[in-house]
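Novice: Just dropping this structure here.
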Amino acid sequence: MNKKIFIFLIIVILVGTAAYFTVCKPGEAPISNINSFEECVSAGYPVLESYPRQCKTPDGKTFTEDIGNELEKANLIQIDNPRPNQIIESPLFIKGKARDNWYFEADFPVKLFDDNGFLLGITPAQALGDWMTEDFVPFNSTLLFAVPSTPKGRLILEKDNPSGLPEYAEELTIPVYFKEAPEISQEFMTVNIFLSDSRFVGEPYFDCSRTIVVERKVPKTLAVTKTVIEALLRGATQEEIIVEGKGT
Numbered sequence: 049m050n051k052k053i054f055i056f057l058i059i060v061i062l063v064g065t066a067a068y069f070t071v072c073k074p075g076e077a078p079i080s081n082i083n084s085f086e087e088c089v090s091a092g093y094p095v096l097e098s099y100p101r102q103c104k105t106p107d108g109k110t111f112t113e114d115i116g117n118e119l120e121k122a123n124l125i126q127i128d129n130p131r132p133n134q135i136i137e138s139p140l141f142i143k144g145k146a147r148d149n150w151y152f153e154a155d156f157p158v159k160l161f162d163d164n165g166f167l168l169g170i171t172p173a174q175a176l177g178d179w180m181t182e183d184f185v186p187f188n189s190t191l192l193f194a195v196p197s198t199p200k201g202r203l204i205l206e207k208d209n210p211s212g213l214p215e216y217a218e219e220l221t222i223p224v225y226f227k228e229a230p231e232i233s234q235e236f237m238t239v240n241i242f243l244s245d246s247r248f249v250g251e252p253y254f255d256c257s258r259t260i261v262v263e264r265k266v267p268k269t270l271a272v273t274k275t276v277i278e279a280l281l282r283g284a285t286q287e288e289i290i291v292e293g294k295g296t
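Its first residue numbered 49, the sequence shown is counted upward by one per residue in the numbering used here.
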């Protein structure tokens with residue numbers, strides 16, 4: 049009896065091992081550990097060259113590449129550069145075309161955030177030609193931006209909304225990768241930076257009494273001054289801008 053049980057266990061182990069290497073080739077991540085398009089591609093599974101691209105695992109799961117919301121906004125605004133998931137660096141040249149109601153006085157704001165929500169840069173996109181038309185009007189802009197704190201980010205092209213009413217707000221979101229991706233440190237330190245208080249817009253920026261102190265967790269390093277300056281240049285996070293009214 050014991051011999052039969054032993055043989056049965058050996059068969060179960062062999063079948064399980066064979067199944068594992070059939071589904072998960074050497075060097076590939078187990079299917080259960082794959083939770084995104086990027087992880088699926090890195091594991092070597094086939095990619096369907098649709099738009100957006102799709103990656104499928106042997107167990108039937110499908111992961112779709114994040115391209116932002118450009119398909120949903122295609123009738124209002126289209127971007128030629130940068131394209132979704134493009135690698136970018138500063139200065140970034142931006143070009144595309146938008147309908148007349150995306151502009152106000154021939155421009156609209158463009159913002160770049162990293163994945164931690166830090167605002168890295170902001171610039172107006174300028175209409176090239178007469179913007180008072182129902183047709184698409186080309187635009188371009190050049191954006192200088194600060195050092196990111198994450199490898200990925202989001203370029204936001206906002207519909208100019210002088211009314212400030214949320215029902216008229218729209219934006220095109222384009223995911224991007226940064227060419228100079230930061231190294232991820234295992235240790236962090238806390239520093240304080242001073243941001244201008246938006247309640248005193250128009251006041252002299254050198255008045256240090258009209259600032260707000262915020263804490264930042266930054267990678268631990270001997271180059272403290274450089275790290276603090278980079279954190280300061282990133283300015284306020286998107287949450288701080290919207291909720292707490294803090295600005296750079």
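Even for Gly, the Cβ is constructed at its ideal location relative to N, Cα and C.
By alpha-carbon positions, which one of Asp148, Ala173 and Arg147 ends up nearest to Pro157?
Specialist: Locating residue 157 in the sequence shown gives position 109, counting from the first residue. That would be Ala173, whose Cα lies nearest to the Cα of Pro157.
Novice: What residue from Leu124, Leu119 and Leu220 has the CA that sits closest to Leu203's CA?
Specialist: Here the question's residue 203 lines up with position 155 in the sequence shown. Closest in alpha carbon position to Leu203, among Leu124, Leu119 and Leu220, is Leu220.
Novice: Quick one: is Ser189 buried, meaning 16 or more other Cβ sit within 10 Å of its Cβ, or exposed?
Specialist: To locate residue 189, count along the sequence shown from 1; it is residue 141. Buried.
Novice: Spatial neighbours of Asp128 within its chain, please: CB distance less than 6 Å, with the 5 preceding and 5 following residues excluded, ordered by chain position.
Specialist: Position 80 of the sequence shown, counting from 1, holds the residue named residue 128. Within the same chain, Asp128 has close Cβ partners Lys143 and Gly144.
Novice: Kindly give me the distance between the Cβ atoms of Tyr216 and Lys200, rounded to whole angstroms, as I take these residues to be in contact under 8 Å.
Specialist: Taking the sequence shown and counting its residues from 1, the one referred to as residue 216 is at position 168. Taking the sequence shown and counting its residues from 1, the one referred to as residue 200 is at position 152. Contact doesn't hold; Cβ gap of about 29 Å is too wide.
Novice: Let me make sure I understand the geometry here. Which of Thr171, Pro94 and Asn123 has the alpha-carbon closest to that of Phe141?
Specialist: Here residue 141 is taken as the residue at index 93 of the sequence shown, counted from 1. Of the candidates Thr171, Pro94 and Asn123, the one whose C-alpha sits nearest the C-alpha of Phe141 is Thr171.
Novice: Please name the residue in Val95, Gly177 and Asp107 whose C-alpha comes closest to that of Val185.
Specialist: On the sequence shown, position 137 is the one that residue 185 refers to. The residue with the shortest Cα to Cα distance from Val185 is Gly177.
Novice: Does DSSP put Val195 in a helix, a strand or coil?
Specialist: The sequence position of residue 195 within the sequence shown is 147, counting from 1. In the structure shown, Val195 sits in coil (DSSP, three-state: anything other than H, G, I, E or B).
Novice: Assuming Asp155 and Ala175 form a contact by the criterion Cβ under 8 Å, report the distance between their Cβ atoms to the nearest whole angstrom.
Specialist: The count along the sequence shown starts at 1 and reaches residue 155 at position 107. The count along the sequence shown starts at 1 and reaches residue 175 at position 127. The Cβ separation is near 6 Å, so the contact holds.
Novice: Pull up the DSSP beta-bridge partners for Asn81, would you.
Specialist: Residue 81 sits at position 33 when you count from the first residue of the sequence shown. Beta-bridge pairing links Asn81 to no other residue.
Novice: Count the other C-beta atoms from every protein chain shown that fall within 10 angstroms of the C-beta of Tyr151, then say buried if there are 16 or more, exposed otherwise.
Specialist: Mapped onto the sequence shown, residue 151 falls at position 103. By the neighbour-count rule (16 or more Cβ atoms within 10 Å), Tyr151 is buried.
Novice: Where Lys207 and Glu118 are concerned, what is the direct C-alpha to C-alpha distance, given to the nearest angstrom?
Specialist: One-based indexing of the sequence shown puts residue 207 at position 159. One-based indexing of the sequence shown puts residue 118 at position 70. If I take the Cα positions, the gap works out to 14 Å.
Novice: Starting from Arg202, trace the beta strand (DSSP E) both ways and give me its first and last residue.
Specialist: By 1-based counting over the sequence shown, the position of residue 202 is 154. Here the beta strand (DSSP E) through Arg202 covers Lys200 to Glu206.
Novice: Could you tell me the distance, in whole angstroms, from the CA atom of Ile222 to the CA atom of Asn149?
Specialist: For this step, residue 222 is matched to residue 174 along the sequence shown. For this step, residue 149 is matched to residue 101 along the sequence shown. Taking the straight line joining both Cα atoms gives about 20 Å.
Novice: Tell me the DSSP secondary structure of Tyr225 in three-state form.
Specialist: Translated into positions along the sequence shown, residue 225 becomes position 177. Strand.
Novice: With a threshold of 7 Å on Cβ separation, who are the neighbours of Lys227 within its own chain once the five nearest residues in sequence on each side are excluded?
Specialist: As a working note, residue 227 is residue 179 in the sequence shown. Once the five neighbours on either side are set aside, the close Cβ partners of Lys227 are Ile135, Ile136 and Glu137.
Novice: Tell me the rounded alpha-carbon separation between Asn133 and Pro196.
Specialist: On the sequence shown, position 85 is the one that residue 133 refers to. On the sequence shown, position 148 is the one that residue 196 refers to. The alpha-carbon atoms of Asn133 and Pro196 are separated by roughly 16 Å.
Novice: Assuming Phe187 and Leu168 are in contact, meaning their beta carbons sit under 8 Å apart, how far apart are those beta carbons, in whole angstroms?
Specialist: Locating residue 187 in the sequence shown gives position 139, where the first residue counts as 1. Locating residue 168 in the sequence shown gives position 120, where the first residue counts as 1. Not confirmed; about 20 Å, so no contact.
Novice: So what does DSSP say about Asn129, is it helix, strand or coil?
Specialist: Reading the sequence shown from its first residue, position 81 is the one you call residue 129. Three-state DSSP puts Asn129 in a strand.
Novice: When you compare the CB positions of Pro100 and Ile115, do they come within less than 8 Å of one another, or not?
Specialist: Working through the sequence shown from its first residue, we reach residue 100 at position 52. Working through the sequence shown from its first residue, we reach residue 115 at position 67. Against a cut-off of 8 Å, the Cβ pair of Ile115 and Pro100 comes out as a contact.
Novice: When the Cα atoms are used, what is the spatial distance from Thr112 to Cys103?
Specialist: Start at 1 with the first residue of the sequence shown, and residue 112 comes out as number 64. Start at 1 with the first residue of the sequence shown, and residue 103 comes out as number 55. Each residue's alpha carbon lies about 7 Å from the other.
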